[in-house]
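These protein sequence lines are chains A and B, in that order. Heads up: take any position in the first sequence, counting from 1, add 841, and you land on my numbering. Heads up: take any position in the second sequence, counting from 1, add 469, and you land on my numbering. Idealized CB from N, CA, C, for every residue including glycine. All values derive from a computational prediction rather than experimental measurement.
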Amino acid sequence: MPGLKEIRKRIGSVKSTKQITKAMKMVAAAKFRKAQTRILELRPYAHKMHSVLTGLAGTVEKGHPLLEVRPRKKVEVLVLTSDKGLCGAFNTNIMKAATRLIKEIQSEEKELSISAIGKKGADLFKRKDIAVRNSWTGISGRISYTNAKEIATDIIENYTNELFDEVILVFNEFKSALVQKVSVVRLLPLADVAGAAEHPMTQDEPVNFLYEPSQQAIFDALLPKNLEIQVYRALLESQASEEAARMTSMENATKAADDMIASLTLQYNKARQAAITKELMDIVGGVEALKQ
Amino acid sequence: MDDKIRLDVVTPYGLILSEDVDELTAAGSEGEFGVLPGHVPFITTLRTGMLIIKRDGKTEYVFVSSGYAEVTFNKVVVLADSAERAEDIDVERALAARKRAEERLQQAEKVDFARATAAIERSTIRIQVAEKRSAK
């Protein structure tokens, strides 16, 4: 049985841990709300872009390298994790899904390259001695559209240079504050736009637009933007998920600390009482001894 | 409603502007163009530049960086990487950005020339737009 002093010390340390986890939870909640509003802010832009693009896709004759489906020989896997830990199973889930995907691709005997967004993923691949083609770290927490642009530009460049024929992104999709789902999306070739071309829009009345400089040029300019938006959205969703996961795990940690403090206090009081009883017994024993 | 144009300026950071205006001038990639109500349906890419909005006799300026515009009968949608109203522009930040970009150009070798010049262009136009505000 540990002594009184040790128990008191432990209670103190658990209490300060609790303070930290509580503060972290609060910070995560604030960041989470911010990330959530940014997702909402992006929505009108993404919608508008999509509708214009699908409208154009139906009318443009010539394809675009980003739309062209090549035989799948080499696959790029983009793994989106967080930079910081202490967010529950957030990164573990991603890495699990990524590892499964990687095994799958390897079993099909396709070539593979991996890129990591986020420090955690990059570190893990390094530890496992898996070569990483490119990595972007230090993004989470202060995501800007420029980050998305940078990543999109890199993959577009390598895709058009035929370094890989397909790009798959693994990221945490934001469902709600309590639920995050690992989502595996194909970024390139851009399938949804190509698909839309086969089923041109029917609801809106067809408008004969004037195009400047040309229909093709605008289409070519918009396609990379579409990819940028997809990457940006994934970054934001992952950010919101990360903060939500951190919120939940810090909440749990605070609760666990509470439980621990309760059981330690009980133990402390028991020990204290035992000590008092023992002292009383000693005194009584002493008095008895004197009487004789 | 026939004598007004509905103007929406949308960026990844949200809706910057959504209002009814009388007249609009923008910098298209093939040159400046003006839009009055009843314009022909028209899609163009935009250069980094400013939107000049006229409404009820007043003029407003909005900075727009690399985007594109979709004009339908009496509605204009501008999609841009970034956009700021003249009064929201942070002049100091723009000045600092220009300085940084210029310094990058000085170290002539390992710089992305296109990127640096684009940055200079962006910040210069930002400052121009901001100056329009103070001239008012």
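Notebook entry, point to check: Under the criterion of a Cβ to heavy atom distance below 7 Å, does E1053 of chain A qualify as lining the ligand FMN?
Noted result: Of the ligands one can find in the structure shown there are none, so the ligand FMN has no counterpart to examine.
Notebook entry, point to check: Exposed or buried, which one is D557 of chain B when buried takes at least 16 other CB atoms within 10 Å?
Noted result: Position 88 of the second sequence holds residue 557 of chain B. By the beta-carbon neighbour count (other beta carbons within 10 angstroms, threshold 16), D557 of chain B is exposed.
Next item on the list: Report the rounded CA-to-CA distance for T922 of chain A versus T933 of chain A, giving the unit in angstroms.
Entry: The count along the first sequence starts at 1 and reaches residue 922 of chain A at position 81. The count along the first sequence starts at 1 and reaches residue 933 of chain A at position 92. Their Cα atoms are separated by approximately 9 Å.
Note to self: What residue range does the beta strand (DSSP E) around D489 of chain B cover?
What the structure shows: Within the second sequence, residue 489 of chain B is the residue found at index 20, counting from 1. Note, D489 of chain B: beta strand (DSSP E), G483 to V490.
Notebook entry, point to check: When burial is assigned at 16 or more other CB atoms within 10 Å of the CB, is T1043 of chain A buried or exposed?
Noted result: As a working note, residue 1043 of chain A is residue 202 in the first sequence. Here the model assigns T1043 of chain A a pLDDT of 44, short of 50, so the residue's position is not dependable and the matter cannot be decided.
Next item on the list: Give, in chain order, every unbroken run of the alpha helix (DSSP H) that is at least 4 residues long and sits entirely within the region 920-951 of chain A.
Entry: 931-948
Check: Nearest to R941 of chain A by CA position, among A:V1023, A:I997 and A:S976, is which residue?
Finding: Along the first sequence, one-based indexing puts residue 941 of chain A at 100. Selected option, being the one with the closest Cα: A:V1023.
Next item on the list: Apply the 10 Å Cβ neighbour rule to P481 of chain B and answer buried if 16 or more other Cβ atoms are within range, or exposed otherwise.
Entry: Taking the second sequence and counting its residues from 1, the one referred to as residue 481 of chain B is at position 12. Per the 10 Å Cβ criterion, buried.
Next item on the list: Kindly say whether P506 of chain B, judged by its beta-carbon, lies nearer than 8 Å to any beta-carbon of chain A.
Entry: To locate residue 506 of chain B, count along the second sequence from 1; it is residue 37. By this cut-off, P506 of chain B is not an interface position.
Checklist line | Of the residues A:V918, A:L1029 and A:A1116, the one placed nearest R911 of chain A, counting alpha carbons only | finding: Here residue 911 of chain A refers to the residue found at position 70 when the first sequence is read from its first residue. The shortest C-alpha separation from R911 of chain A is found at A:L1029.
Notebook entry, point to check: Whose Cβ in chain B lies nearer than 7 Å to the Cβ of N1049 of chain A?
Noted result: Translated into positions along the first sequence, residue 1049 of chain A becomes position 208. Those are P510, listed as they occur along chain B.
Next item on the list: Give the residues from the region 1052-1066 of chain A that approach chain B closer than 9 Å (Cβ to any Cβ), ordered along the chain.
Entry: If the cut-off is 9 Å between Cβ atoms, the region 1052-1066 of chain A has Y1052, E1053, P1054, Q1056, A1058, I1059, A1062, L1063 and K1066 near chain B.
Margin query: Tell me the DSSP secondary structure of M470 of chain B in three-state form.
Written below: For the purposes of this step, residue 470 of chain B is taken as the residue at position 1 of the second sequence. Unreliable placement is indicated for M470 of chain B, whose pLDDT of 49 sits below 50; no coordinate value is reported for it.
Margin query: Please report the straight-line C-alpha distance between I1059 of chain A and T517 of chain B, rounded to a whole angstrom.
Written below: For the purposes of this step, residue 1059 of chain A is taken as residue 218 along the first sequence, with counting starting at 1. For the purposes of this step, residue 517 of chain B is taken as residue 48 along the second sequence, with counting starting at 1. Spanning the two alpha carbons is a distance of roughly 16 Å.
Margin query: Measuring CB atoms only, is the region 565-575 of chain B touching the region 519-526 of chain B, in the sense that at least three cross pairs come out at less than 8 Å?
Written below: no
Notebook entry, point to check: What are the residues of the region 529-561 of chain B that lie near chain A, defined by any Cβ-Cβ distance shorter than 7 Å?
Noted result: Y537, E539, T541, V546, L548 and D550
Check: M1088 of chain A and K866 of chain A look like a contact to me (Cβ under 8 Å); what is the Cβ gap, rounded to whole Å?
Finding: Numbered from 1 along the first sequence, position 247 holds the residue referred to as residue 1088 of chain A. Numbered from 1 along the first sequence, position 25 holds the residue referred to as residue 866 of chain A. Right, the Cβ-Cβ distance comes to about 6 Å (below 8 Å), so this counts as a contact.
Check: Exposed or buried, which one is I485 of chain B when buried takes at least 16 other CB atoms within 10 Å?
Finding: Residue numbering aside, residue 485 of chain B sits at position 16 when the second sequence is read from its first letter. The residue is buried, with at least 16 neighbouring Cβ atoms inside 10 Å.
Check: Can you tell me the Cα-Cα spacing of E571 of chain B and I589 of chain B, whole angstroms?
Finding: Taking the second sequence and counting its residues from 1, the one referred to as residue 571 of chain B is at position 102. Taking the second sequence and counting its residues from 1, the one referred to as residue 589 of chain B is at position 120. Each residue's alpha carbon lies about 7 Å from the other.
Check: M1042 of chain A by DSSP, collapsed to three states: which one?
Finding: Position 201 of the first sequence, counted from the first residue, corresponds to residue 1042 of chain A. Confidence in M1042 of chain A is poor, its pLDDT being 46 and thus under 50, which makes the residue's placement unreliable; the coordinate value appears in the next sentence. In this structure, M1042 of chain A counts as coil in the three-state DSSP scheme.
Next item on the list: In the DSSP assignment, find the unbroken alpha helix (DSSP H) run with N1067 of chain A in it and report its ends.
Entry: Here residue 1067 of chain A refers to the residue found at position 226 of the first sequence. Taken as a continuous stretch (DSSP letters only), the alpha helix (DSSP H) holding N1067 of chain A covers Q1056 to K1132.
Item checked: Where I1070 of chain A meets chain B, residues with beta-carbon distance less than 9 Å -> Working through the first sequence from its first residue, we reach residue 1070 of chain A at position 229. Within 9 Å Cβ-Cβ: P481.
Margin query: Please confirm whether L493 of chain B has its beta-carbon closer than 8 Å to some beta-carbon of chain A.
Written below: Here residue 493 of chain B refers to the residue found at position 24 when the second sequence is read from its first residue. Chain A, which has no Cβ nearer than 8 Å to the Cβ of L493 of chain B, makes this no.
Notebook entry, point to check: Apart from the five residues just before and just after P510 of chain B, which ones in its own chain have a Cβ nearer than 6 Å to its Cβ?
Noted result: Against the second sequence, residue 510 of chain B aligns to sequence position 41. Here the set comprises T541.
Note to self: If you reduce the DSSP assignment to three classes, tell me which class V868 of chain A lands in.
What the structure shows: Against the first sequence, residue 868 of chain A aligns to sequence position 27. In the structure shown, V868 of chain A sits in a helix (DSSP, three-state: H, G or I).
Note to self: Just to confirm the assignment, what range does the beta strand (DSSP E) spanning K527 of chain B have?
What the structure shows: Your numbering for residue 527 of chain B matches position 58 in the second sequence. Counting along the chain, the beta strand (DSSP E) containing K527 of chain B begins and ends at K527 to T541.
Note to self: Going by DSSP in three states, V893 of chain A sits in which element: helix, strand or coil?
What the structure shows: For this step, residue 893 of chain A is matched to residue 52 along the first sequence. V893 of chain A falls in the helix class under three-state DSSP.
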